[in-house]
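Heads up: the protein sequence lines correspond to chains V and U, in order. In the working numbering, each residue carries its 1-based index in the first sequence increased by 1113. In the working numbering, each residue carries its 1-based index in the second sequence increased by 455. No residue lacks a Cβ here, since even glycine has one placed at the ideal position from N, Cα and C. Read the structure below first, then the notes.
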Amino acid sequence: MQNSIVDVDCVTKQFGKNVIFRDCSLTIAKGTVYGLVGLNGSGKTTFIRILLGLLKPQKGIVRVLGHDPWSHEPSFFKKMGVLLDHDGFSGNVSARDNILFFGKAKGITLSQIESYIEKQWNNTFLHSEFFSPKKKVKYFSRGQKMQCAICRAFLGEPQFLVLDEPTVALDVDAIDHFYSLVKQARDTGATIFISSHHLSAIEDLCDCVGLLRDKTIANVDCTHNDALPQPWFIRCDHDDLCRTTIQSQCLSPVEFRDNAWRFDIVNPQTAIPAIVASLVGKGFNIMEVAPEQYVLKEKIRLHNATAGNA
Amino acid sequence: MKDIVAVVKKEWHGFAGSEKGIFAIYIILIFVWSFLPLNNSLGSFALSGSIWWLFFSVIVTGNFASSIFVSERLNGSMEILLTSGLSRIGVLAGKILFVVIMSVVIGILCFGLSLCWVFFSGHSGLFPGQSFAFAFLLYLSGTFMNATAGAWMSIRMSSPRLIPFVNILLVGIVCAVYYALSGLISLSSWTLVGLLCLAGCIFCFTAIKDFNGEKIIAPIDV
């Protein structure tokens, strides 16, 4: 229990007669990167607001970092890093002034802030905007504002980070940078809670994934088990002989979709080289062989289907 | 106290970084309104100079309250501020204090300009029957009430952009109560200042209560 950062026990939240969660429970262990997914309107933002003490549940107990978030203790928020759907910056001032304000609100000194920017944000637009501000935040692009918000969230090495849709509007470099920040934070023992519709980001970063559905959070099994079928694809000639060759190695149906043969396979470490060798032996040209990137998506669909049948 | 100062500084930086047109509007407002006491002393339409100052506070404070309290709720950045590590009471008090400071500064500029006009026009009495100090105190008490009412209404009203209009209504109600009471019993003019301060304290209390509740992040109309 002492090792958990988030303890949500039998929480019920409703707005009027509209029940958002009923007896919802969740525990997040220290050092975990937890991903929360769910359909639009399923209550992800409401759940985040409960974790942040912005909303109070009608029933149940919420403990984050050992605090009751609803007590609104400044010491609690000083240990947190928060990224919500709005950047929260004052548009009429520079990124530097904004970051300094939020840094000082957390009790971080100027030299610590400068050292953080120098170390973590070198070679980014934010580095130059911090050390030689040129424009007000309101003139930043959406992606630039999001990077500033990410910078603020990771400022001061928070023990617990709550990140709502952190990859929205980010370019490829910024996403890579964000990934590296998350991994560094995890390595230093921080616990991270990410809510996103970008399943690839959740899949890449998260150790545990929760699915918000039917007014509760269900854990999605994200462990890679070679004994279970895993989706793969092979991009090669559209020939029926290809299908039969692949089919001979796997039990699931093989289908040609989006210019590739797609199938589920058990124990890919040995099965995939065998299929490739067989295809090459039959004279087919192979352009690409890779696991499907939508494993989580499929698992969520499977979970939804199971829950629907039940 | 540290949190209050931090919020006042933040709001000041935000205001100072505004477009130049905003400052031009405030300068014009101060310039135009500064002629009212002169009109009063010349025996024109302004029946009571002090009450005009009270309504000037509605315009200035209502406008500041609308931008300081409402804009953050409209764009959703209030949630970030509340989770920044500052105390909620510090955030609220800092915002109210900033609105009061700005209103007082603008009031002082306007009062000063009015004195210049009166001096150059050769009229010795600025507000017939009432002292300059009373008029300024009335302005201050009106500012306090409008700032705290603005803070409270920004949370309670689903359309907080209407704050300046509701402020006019509130000032009108307090004045009406004062005149109704003074019709029944003999009251000093200072009672009006007292009523405004009392209303300000009540709104301050309700604002603190609601600022700690869920309504602070409830969606609002543009």
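Quick one: grab the DSSP three-state call for residue i.
{"i": "V:GLN1272", "result": "coil"}
{"i": "U:LEU592", "result": "helix"}
{"i": "V:CYS1319", "result": "coil"}
{"i": "V:GLN1171", "result": "coil"}
{"i": "U:GLY584", "result": "At U:GLY584, the pLDDT of 48 sits below 50, so the modelled position is not reliable; the number obtained from the coordinates is stated separately. Coil."}
{"i": "V:ASP1277", "result": "strand"}
{"i": "V:THR1237", "result": "coil"}
{"i": "V:VAL1177", "result": "strand"}
{"i": "V:SER1188", "result": "helix"}
{"i": "U:ALA673", "result": "coil"}
{"i": "V:SER1207", "result": "strand"}
{"i": "V:GLN1362", "result": "coil"}
{"i": "V:LEU1165", "result": "coil"}
{"i": "V:LYS1395", "result": "coil"}
{"i": "V:MET1114", "result": "Reliability fails at V:MET1114, whose pLDDT of 45 lies under 50, so the model's placement of it is uncertain and no value is given."}
{"i": "V:ASP1353", "result": "helix"}
Along the chain, where does the beta strand (DSSP E) that runs through residue i open and close?
{"i": "V:GLY1220", "result": "Unbroken run through V:GLY1220: none, as it is neither H nor E."}
{"i": "V:PRO1404", "result": "1399-1404"}
{"i": "V:ALA1082", "result": "Summary: the structure shown does not reach residue 1082 of chain V, with chain V confined to residues 1114 through 1423, and so no result is reported for it."}
{"i": "U:ASN530", "result": "Not the beta strand (DSSP E): U:ASN530 falls in the alpha helix (DSSP H), residues 526-530."}
{"i": "V:ALA1331", "result": "1329-1333"}
Just tell me which of the options has its CA closest to the CA of residue i.
{"i": "U:ILE657", "options": "U:VAL559, U:VAL560, U:SER532 and U:ASN601", "result": "U:ASN601"}
{"i": "V:PHE1397", "options": "V:ARG1375, V:GLN1233 and V:ASP1350", "result": "V:ASP1350"}
{"i": "U:ASN622", "options": "U:VAL525, U:ILE523, U:TRP467 and U:ILE514", "result": "U:ILE514"}
{"i": "V:LEU1325", "options": "V:VAL1402, V:THR1159 and V:ALA1142", "result": "V:THR1159"}
{"i": "U:GLY469", "options": "U:PHE524, U:ARG611 and U:TRP507", "result": "U:PHE524"}
{"i": "U:LEU536", "options": "V:ASP1181, V:ARG1176 and V:LEU1167", "result": "V:LEU1167"}
{"i": "V:PHE1291", "options": "V:GLN1343, V:GLN1233, V:GLU1242 and V:PRO1246", "result": "V:GLN1233"}
{"i": "U:ASN530", "options": "V:HIS1185, V:ASP1181, V:PHE1202 and V:PRO1187", "result": "V:PHE1202"}
{"i": "U:LEU570", "options": "U:LEU552, U:LYS465, U:TRP467 and U:PHE591", "result": "U:PHE591"}
{"i": "V:GLY1156", "options": "V:SER1308, V:GLY1269, V:GLU1368 and V:SER1254", "result": "V:SER1308"}
{"i": "U:LYS761", "options": "U:PHE511, U:PHE566, U:ILE556 and U:CYS630", "result": "The requested residue 761 of chain U is not part of the displayed model; chain U covers only 456 to 677."}
{"i": "V:VAL1080", "options": "V:LEU1213, V:CYS1261 and V:ASP1320", "result": "Beyond the ends of chain V as shown, which are 1114 and 1423, falls residue 1080 of chain V; an answer cannot be given."}
{"i": "U:GLY668", "options": "U:ARG616, U:ILE544, U:VAL460 and U:PHE574", "result": "U:ILE544"}
{"i": "U:ALA471", "options": "V:GLY1144, V:MET1193 and V:VAL1206", "result": "V:VAL1206"}
{"i": "V:LEU1283", "options": "V:THR1237, V:ILE1163 and V:ILE1347", "result": "V:THR1237"}
{"i": "U:ILE663", "options": "U:LEU650, U:MET608, U:LEU484 and U:CYS630", "result": "U:MET608"}
{"i": "V:ASN1153", "options": "V:ARG1348, V:LEU1354, V:ARG1356 and V:ASP1327", "result": "V:ASP1327"}
{"i": "V:ILE1378", "options": "V:GLU1368, V:PRO1344, V:PHE1134 and V:SER1361", "result": "V:PRO1344"}
{"i": "V:LYS1217", "options": "V:THR1357, V:CYS1321 and V:LEU1268", "result": "V:LEU1268"}
{"i": "U:PHE511", "options": "U:ILE675, U:ALA631 and U:PRO619", "result": "U:PRO619"}
{"i": "U:VAL554", "options": "U:LYS475, U:ILE640, U:LEU595 and U:GLY567", "result": "U:LEU595"}
{"i": "U:CYS659", "options": "U:PHE575, U:ILE483, U:THR603 and U:SER473", "result": "U:THR603"}
{"i": "V:THR1140", "options": "V:GLY1323, V:LYS1130 and V:VAL1150", "result": "V:GLY1323"}
Give me whichever residues DSSP pairs with residue i in a beta bridge.
{"i": "U:GLY655", "result": "DSSP output for U:GLY655 lists no bridge partner at all."}
{"i": "V:HIS1199", "result": "In the DSSP output, where bridge partners are listed per residue, V:HIS1199 has none listed."}
{"i": "V:TRP1345", "result": "V:PHE1376 and V:PRO1404"}
{"i": "V:PHE1369", "result": "V:TRP1374"}
{"i": "V:MET1193", "result": "V:PHE1273"}
{"i": "V:ARG1326", "result": "V:THR1329"}
Please report the residue range of the alpha helix (DSSP H) in which residue i lies.
{"i": "U:LEU642", "result": "Premise fails: U:LEU642 is in no alpha helix (DSSP H) and is neither H nor E."}
{"i": "V:VAL1379", "result": "Run containing V:VAL1379: none; DSSP gives neither H nor E here."}
{"i": "U:LEU536", "result": "533-537"}
{"i": "V:LYS1126", "result": "Segment 1117-1128 is the beta strand (DSSP E) holding V:LYS1126; no alpha helix (DSSP H) there."}
{"i": "V:VAL1150", "result": "Unbroken run through V:VAL1150 is the beta strand (DSSP E), 1146-1151; no alpha helix (DSSP H)."}
{"i": "V:ILE1307", "result": "No alpha helix (DSSP H) holds V:ILE1307; the beta strand (DSSP E) holding it covers 1304-1308."}
{"i": "U:LYS550", "result": "543-576"}
{"i": "V:SER1293", "result": "1285-1300"}
{"i": "V:VAL1250", "result": "It is not in any alpha helix (DSSP H) - V:VAL1250 carries neither H nor E in the DSSP assignment."}
{"i": "U:ASP458", "result": "457-471"}
{"i": "V:ALA1266", "result": "1255-1267"}
{"i": "U:PHE490", "result": "First-last for U:PHE490: undefined, no H or E at that position."}
Along chain V, in chain order, which residues have C-beta atoms closer than 9 angstroms to that of residue i?
{"i": "U:ALA461", "result": "PHE1214, LYS1217 and ALA1218"}
Can you list the residues of chain V that residue i reaches, using a CB-CB cut of under 7 angstroms?
{"i": "U:GLY472", "result": "ASN1205, VAL1206 and LYS1249"}
{"i": "U:ILE561", "result": "Those do not exist, as U:ILE561 stays about 19 angstroms from chain V at its closest Cβ, beyond 7 angstroms."}
{"i": "U:SER613", "result": "What U:SER613 touches in chain V: nothing, since even the nearest Cβ is about 15 angstroms away."}
{"i": "U:LYS465", "result": "SER1203 and PHE1214"}
Using a Cβ cut-off of 8 angstroms, pull out every chain V residue sitting near residue i, in sequence order please.
{"i": "U:LEU536", "result": "GLY1201"}
{"i": "U:ARG543", "result": "HIS1185"}
Against residue i, what residues of chain U qualify as contacts under a CB-to-CB distance less than 9 angstroms, listed in chain order?
{"i": "V:LYS1460", "result": "This structure does not reach residue 1460 of chain V, given that chain V is present from 1114 up to 1423, and the question cannot be answered."}
{"i": "V:MET1193", "result": "THR538 and GLY540"}
{"i": "V:LYS1169", "result": "GLY668 and GLU669"}
Taking residue i as the query, report the chain U residues whose CB atoms sit under 7 angstroms from its CB, ordered along the chain.
{"i": "V:PHE1190", "result": "THR538, SER539 and GLY540"}
{"i": "V:PRO1271", "result": "Here the premise fails: no neighbours, minimum Cβ distance about 10 angstroms."}
{"i": "V:ASP1198", "result": "GLY531"}
{"i": "V:LEU1165", "result": "THR538"}
Counting only Cβ pairs nearer than 8 angstroms, list the residues of chain U close to residue i.
{"i": "V:ARG1162", "result": "GLU534 and ILE672"}
{"i": "V:ASP1210", "result": "HIS468"}
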